[in-house]
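Heads up, the thing below is written out as structure tokens.
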Amino acid sequence: MVQTPAPFEYERATSVEGAIASLKQRGSEARIIAGGHSLLPMMKLRLANPEYLIDINDLDELSYIREEAGEIRIGALTRHVELLESELLARHYPVFRDAERVIADPVVRNRGTIGGSLCQADAAEDLSAVCSAVKAKVVIRGPDGERVIAMDEFHIGPYMTAVGDGEILTEVRLPLRPGSGSAHEKVERRAGDWAIAAASVAVWIDGGTIADVGLALSAVGPTTIHVTRAEELLRGSSPSEELFAQAGEIASADCSPVPDGRGPVDYKRHLAGVLAKRALRRATARALHQEA
Amino acid sequence: MQLNLTINGEQVERAVEPRQLLVHYIRDTPGLTGTHWGCDTSNCGACVVLMDGKPVKSCTILAAMAEGHEIRTVESLEREGQLDPVQIGFHELHALHCGFCTPGMMMTARALLDENPNPSEEEIRVAISGGICRCTGYKNIVAAIRWAAEHEATTRQEV
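Just so you know, the protein sequences line up as chains A and B, in that order.
Heads up: the first sequence at position 225 corresponds to 225 in this note's numbering, and the numbers run straight through without jumps.
Add 1000 to the 1-based position in the second sequence for this note's numbering, that's all there is to it.
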């Protein structure tokens, strides 16, 4: 079987403004392509059929990881390999390195981007859970300027985001707050595969109690699952194994996996709980500088 | 659309549809069928080529996206009749049976050694984890890449 996308027109953008102008002109027929490792497979399967592709790979201005204004700011075109290797990111949010070690394989990681991963809005994708857990904000630019929204408002359904026609995701912002620790735990069938289930956690510890926490799950619902009920339980409490076990039980209960080739529902719920607990344990150990 | 790609240092110019994948653009060029077209889903790694020195899966890149970048295929490994140490390693240690994954494996190995001349077995296994070999069980592939690392200096001197 020949797998080739349906015909489309191709444009190579030379500036963000130019890409936005083309997007606006073409409306919903146009799509941005970055790494292309989600979009092209979807196009081959006719699950995505854009008539106009705008290639942003030349826009170096969207490729960076830097500390600025009390945040880590990541350009949308930053590739997985750069996220994996960033010492700045590993120092403040090791959850990214945890996740990047198990996202696809090194060759795919040379191409795929953070912006593409988030905009694909696949519930099984790891970085969406990571960004949700660390309470990232995303910058969306359109013809009328920029808006900054929280991750919770970004994914509005399976494969659907808050990025509208004529708009482009340009940046991911991670708040820098004291006492943070973070971790990502994933179980997959084989190296490089999508998760059967994965859990991302960020905690902020202040004086021995959990001042704030983010817990998000991949691959166990129609979108990334943000486990708010577990966060409410954890917030203001002292970290303990019992507490983490309770949070894991909530994660098991509050996700909504479907059975597929990766496993039945009860197994995925079990994994969600265990991985949430492990990620909480590891994130907390990192926050307290007790990691073995 | 008219494209002009740089493949193995040569300009390859052709009119293609924007939807043409890089793997097909390469394989449609006379003398460049060494790059293999495998799963077409970026899983198997048979189509790996180097783009500006980094291994990429050419089934998941549009030919149009490769314009302006340096593409290297498996045909570039041999220079003036002298095999690359990676090729000699694959030959010496019998790192292929059917050979279908071999071009992707060797290009991935070449990129690894260019970046890390002395990789551990673990680093080699991680580096080639984007390639699937159904014949060898990977053992001889890993050994061949180690062989290439150990013999890089001596085999190069003989050129």
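Glycine included, each C-beta is placed from N, C-alpha and C at the ideal position.
Reduced DSSP secondary structure (H/G/I, E/B, other) of residue i
i, result
"R46(A)", "coil"
"A247(A)", "helix"
"P1103(B)", "helix"
"N945(B)", "The first residue shown for chain B is 1001 and the last is 1159, placing residue 945(B) beyond what the model contains."
"V24(A)", "Val is not the amino acid found at residue 24(A); the sequence shown has Lys there. Three-state result, K24(A): helix."
"I1132(B)", "coil"
"P239(A)", "coil"
"T223(A)", "coil"
"D254(A)", "helix"
"V172(A)", "strand"
"D260(A)", "strand"
"G1031(B)", "coil"
"G116(A)", "helix"
"V1126(B)", "helix"
"Q1020(B)", "coil"
"E100(A)", "helix"
Cross-chain neighbours of residue i in chain A, by beta carbon under 7 Å
i, result
"E1017(B)", "P7"
"T1108(B)", "V107"
Contacts of residue i in chain B (Cβ-Cβ under 8 Å)
i, result
"Y64(A)", "Simply none; closest approach about 18 Å."
"D325(A)", "Outside the modelled stretch of chain A, which goes from 1 to 292, sits residue 325(A), for which no answer is possible."
"R111(A)", "V1056, K1057, T1060, I1061"
Under 7 Å by beta carbon: chain B residues contacting residue i
i, result
"T224(A)", "Within 7 Å Cβ-Cβ: nothing; T224(A) doesn't reach chain B, min ~22 Å."
"Q3(A)", "D1040"
"H37(A)", "S1042, T1060"
DSSP beta-bridge partners of residue i
i, result
"E203(A)", "Reading the sequence as shown, one finds Val at residue 203(A) and not Glu. The partner list for V203(A) (beta bridge, DSSP) reads G181(A), V213(A)."
"H155(A)", "T161(A)"
"N1004(B)", "E1013(B)"
"R12(A)", "D55(A)"
"M1051(B)", "K1054(B), I1071(B)"
"K137(A)", "A150(A), R173(A)"
"K186(A)", "A198(A)"
Per-residue contacts from residue i into chain A (C-beta, under 8 Å)
i, result
"V1074(B)", "Simply none; closest approach about 15 Å."
"G1045(B)", "D105, V107"
"V1086(B)", "Chain A residues near V1086(B): none, gap ~16 Å exceeds 8 Å."
"V1048(B)", "V107"
Closer than 8 Å: residue i CB and nearest the ligand HEM heavy atom
i, result
"Y1025(B)", "The model on display carries no ligand, and the ligand HEM is accordingly not part of it."
Chain B residues whose Cβ lies nearer than 9 Å to that of residue i
i, result
"N49(A)", "Chain B residues near N49(A): none, gap ~11 Å exceeds 9 Å."
"L40(A)", "L1021, S1042, C1059, T1060, I1061, L1062"
Proximal residues of chain A, C-beta to C-beta of residue i below 9 Å
i, result
"A1160(B)", "Past the boundaries of the shown model lies residue 1160(B); chain B is included only from 1001 to 1159, so the question cannot be answered."
"M1105(B)", "Per Cβ cutoff of 9 Å: no residues; M1105(B) is ~11 Å from chain A at best."
Given a limit of 8 Å on CB to CB distance, which residues of the region 185–202 of chain A reach chain B?
So the list reads A191, G192, given in the order they occur along the chain.
Any residues in the region 139–173 of chain A with a beta carbon nearer than 8 Å to a beta carbon of chain B? Which ones, in chain order?
Those residues of the region 139–173 of chain A that come within reach of chain B (Cβ to Cβ, closer than 8 Å) do not exist; the list is empty.
Output, in sequence order along the chain, the residues in the region 1122–1146 of chain B whose CB is closer than 7 Å to any CB in chain A.
Answer set for the region 1122–1146 of chain B: V1126, A1127, S1129, G1130.
The region 198–205 of chain A / the region 137–152 of chain A touching (three or more Cβ pairs under 8 Å):
With contact defined as three or more Cβ pairs closer than 8 Å, the region 198–205 of chain A and the region 137–152 of chain A are not in contact.
Would you be able to state if there are at least three C-beta pairs under 8 Å between the region 43–60 of chain A and the region 8–22 of chain A?
By the criterion of at least three beta-carbon pairs nearer than 8 Å, the region 8–22 of chain A is in contact with the region 43–60 of chain A.
Could you tell me whether the region 142–160 of chain A touches the region 242–252 of chain A, where touching means 3 or more Cβ pairs closer than 8 Å?
By the Cβ criterion, the region 142–160 of chain A is not in contact with the region 242–252 of chain A, since fewer than three pairs of Cβ atoms, one from each stretch, lie closer than 8 Å.
Any 3 or more C-beta pairs closer than 8 Å across the region 1086–1094 of chain B and the region 1042–1049 of chain B
They do not touch, by the three-pair rule.
Does the contact criterion of 3 or more C-beta pairs under 8 Å hold for the region 1110–1129 of chain B versus the region 1016–1036 of chain B?
As far as the Cβ criterion goes, the region 1110–1129 of chain B does not touch the region 1016–1036 of chain B, which means the pair count is below three.
Can we say the region 21–29 of chain A touches the region 40–54 of chain A, given the rule of at least three CB pairs closer than 8 Å?
Taking 8 Å as the limit for Cβ pairs, the verdict is that the region 40–54 of chain A does touch the region 21–29 of chain A.
When you compare the region 172–188 of chain A with the region 272–286 of chain A, are there three or more beta-carbon pairs, one atom per stretch, that lie closer than 8 Å?
Result yes; three or more Cβ-Cβ pairs closer than 8 Å.
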